[in-house]
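See below for the structure under consideration.
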Ligand code: HEC
Ligand code: HEC
Ligand code: HEC
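In the working numbering, the protein residues as written are 825 to 1232.
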């Protein structure tokens, strides 16, 4: 609570420096857009995964309603179809550019930085124009926005002006970087999940790509601190980002939405991203050895986990990669070397399902089939087998917590 009060004082002081933002005039004009501009806008929307946050499960594309869990509460993606009442139909190009760069909606309200405008602020004019053309040519859907569920003081929007004063300008860049960096740091906002955030939800610049989180999943480091047992190369990154990589497997959880977006964009955009991330992940003197597998000791130490694994998981994970979309050994997945067990728990409880309209890894969900204790045993066995004996603490409590969160 003391922190909350401090927050109100600090952000409130910041907010005072701002005059209330003006409302932008309603734009009811008929716009005509060149087909090429609309097409590129569609590719850019995929590169920025706009649909993933702005589409509810089984909902109309871009019509909003998707809940986004944050440490401050739940924020809902809004309706960004051109419906004049409930969507962004009244946005002029200038109002849209202001929303994308400054996080202010048409009527002048500050927007929460879950909407990654601290990255979108780097977009060039021509890309913002293309996104506008794309969105304004989508089907208008009448769907009222859902009210955010945020605790005090995070529910006070004007405080966001103070947040921006502290954090937003730092992210503006003036030089034109190469394509990979432009996409990674801007539109594709990889750091929004892969960089840790401070207590006010801002990415910590000095820990760029040190690993962060998204919707209670761990997002691994994308720099030399990566604990991946198999080194990442530009080629394996390209494969992973596009669909699936034979050495590292495929993306699950929030990362699967990213890959679904990147699967359809021009190859050169994804190659540029892979080249840039390949350079941030590069390590000195790394060798491509086989992953360490202490199967015998692990079976002795965790017989129950070993037995459950052999009975349930081995049919897919012990075939040397012969089951489609599995890698030769589970030990190749970075999740086993994470600082916490969240990704392992998510994957066992929820399974893996390729995002709608894509093909990819399928793993059944075991939430109903296995108890918390059984899942914890399997995880202990796999950690002992592949992570040199290191164990996570309170795994059962974490399983119970994640169960409560995902099935209310
Ligand atoms: C990580 C999730 C996320 C992604 C990705 C995302 N948005 Fe959003 N966006 C949001 C949320 C949440 C809001 C509402 C924030 C609020 O309520 O303050 C929002 C608000 C907006 C607004 C303001 C509209 C309004 O209703 O007030 C626009 C315009 C917008 N987004 C466009 C885009 C575009 C274009 C993209 C892709 C390039 C995109 N967004 C990607 C989460 C996201
Ligand atoms: C919405 C949050 C989010 C965004 C945005 C995001 N990632 Fe991820 N990423 C994750 C999560 C969560 C994982 C862990 C997935 C898993 O365990 O399968 C992950 C995993 C990865 C991995 C695998 C790392 C490893 O060692 O296993 C790579 C590589 C990666 N992301 C690259 C990127 C790049 C490049 C971008 C930007 C183009 C990006 N991510 C954007 C959340 C995100
Ligand atoms: C029907 C086949 C199947 C079964 C059974 C199965 N899995 Fe999987 N599992 C998969 C596939 C496919 C993937 C995606 C792998 C990839 O991308 O390489 C996967 C991925 C994983 C991952 C990696 C998650 C990540 O972060 O990327 C883990 C860990 C995992 N499974 C554990 C288990 C455990 C534990 C069991 C038993 C309780 C199990 N699996 C049962 C098919 C299966």
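C-beta: ideal position from N, C-alpha, C; glycine also.
Which residue wins for smallest C-alpha separation from residue 1117, given the options 1128, 1152, 1085 and 1099? Indexing the chain shown from 1 puts residue 1117 at position 293. Answer by Cα proximity: 1152.
Just curious, the beta strand (DSSP E) that residue 920 is in, first and last residue? Numbered from 1 along the chain shown, position 96 holds the residue referred to as residue 920. Segment 917–926 is the alpha helix (DSSP H) holding residue 920; no beta strand (DSSP E) there.
Cα-Cα separation between residue 779 and residue 1022, rounded to whole angstroms: Not covered by the structure: residue 779. The range shown for the chain is 825 to 1232.
Would you please verify whether the beta carbon of residue 1079 is less than 8 Å from any beta carbon of chain B? Looking for chain B here will not work: only one protein chain is present.
Could you check which residue in 1125, 1213 and 926 has the C-alpha nearest to that of residue 1160? Looking up residue 1160 in the chain shown gives position 336. The option with the nearest alpha carbon to residue 1160 is 1213.
Using three-state DSSP, classify residue 848 as helix, strand or coil. Your numbering for residue 848 matches position 24 in the chain shown. Assigned with DSSP and collapsed to three states, residue 848 falls in coil, not helix or strand.
Answer yes if the region 1064–1076 comes into contact with the region 1180–1191, meaning at least three C-beta pairs across the two stretches below 8 Å, and no otherwise. yes
State the Cα-Cα distance for the pair residue 1156 and residue 1044, rounded to the nearest angstrom. Position 332 of the chain shown, counted from the start, is the residue given in the question as residue 1156. Position 220 of the chain shown, counted from the start, is the residue given in the question as residue 1044. Taking the straight line joining both Cα atoms gives about 14 Å.
Looking at the secondary structure, which residues open and close the beta strand (DSSP E) in which residue 955 lies? Counted from its first residue, the chain shown places residue 955 at position 131. Element bounds for residue 955: not the beta strand (DSSP E) but the alpha helix (DSSP H), 949–960.
Residue range of the unbroken beta strand (DSSP E) whose run includes residue 898: Residue numbering aside, residue 898 sits at position 74 when the chain shown is read from its first letter. Unbroken beta strand (DSSP E) run through residue 898: 897–900.
Spatially closest choice to residue 1223 from 1206, 1145, 882 and 1201, by CA coordinates: By one-based count along the chain shown, residue 1223 stands at place 399. Minimum Cα distance to residue 1223 is reached at 1201.
Determine the burial state of residue 1085: buried for a count of at least 16 other Cβ atoms within 10 Å of its Cβ, exposed for fewer. In the chain shown, residue 1085 corresponds to position 261, counting from 1. With 16 or more Cβ atoms within 10 Å of its Cβ, residue 1085 is classed as buried.
Do residue 920 and residue 974 have their beta-carbon atoms positioned less than 8 Å apart in this structure? Within the chain shown, residue 974 is the residue found at index 150, counting from 1. Within the chain shown, residue 920 is the residue found at index 96, counting from 1. Their beta carbons are not under 8 Å apart, which means residue 974 does not touch residue 920 by this criterion.
Helix, strand or coil, according to DSSP, for residue 1180 in the structure here? Here the question's residue 1180 lines up with position 356 in the chain shown. Residue 1180 falls in the coil class under three-state DSSP.
Rounded to whole angstroms, what is the Cα-Cα separation between residue 1004 and residue 962? Counting from one through the chain shown, the residue named residue 1004 turns up at place 180. Counting from one through the chain shown, the residue named residue 962 turns up at place 138. Their Cα atoms are separated by approximately 28 Å.
Helix, strand or coil: which one does DSSP assign to residue 1021? Residue mapping note: residue 1021 aligns to position 197 of the chain shown, counting from 1. Correct three-state label for residue 1021: strand.
Can you give me the C-alpha to C-alpha distance between residue 856 and residue 863, rounded to a whole angstrom? Within the chain shown, residue 856 is the residue found at index 32, counting from 1. Within the chain shown, residue 863 is the residue found at index 39, counting from 1. The alpha-carbon atoms of residue 856 and residue 863 are separated by roughly 14 Å.
Cα-Cα separation between residue 917 and residue 930, rounded to whole angstroms: Here the question's residue 917 lines up with position 93 in the chain shown. Here the question's residue 930 lines up with position 106 in the chain shown. For residue 917 and residue 930, the distance between alpha carbons rounds to 11 Å.
CB residue 874 to CB residue 892, shorter than 8 Å? Counting from 1 along the chain shown, the entry for residue 874 is found at position 50. Counting from 1 along the chain shown, the entry for residue 892 is found at position 68. No, these two residues do not count as a Cβ contact at 8 Å.
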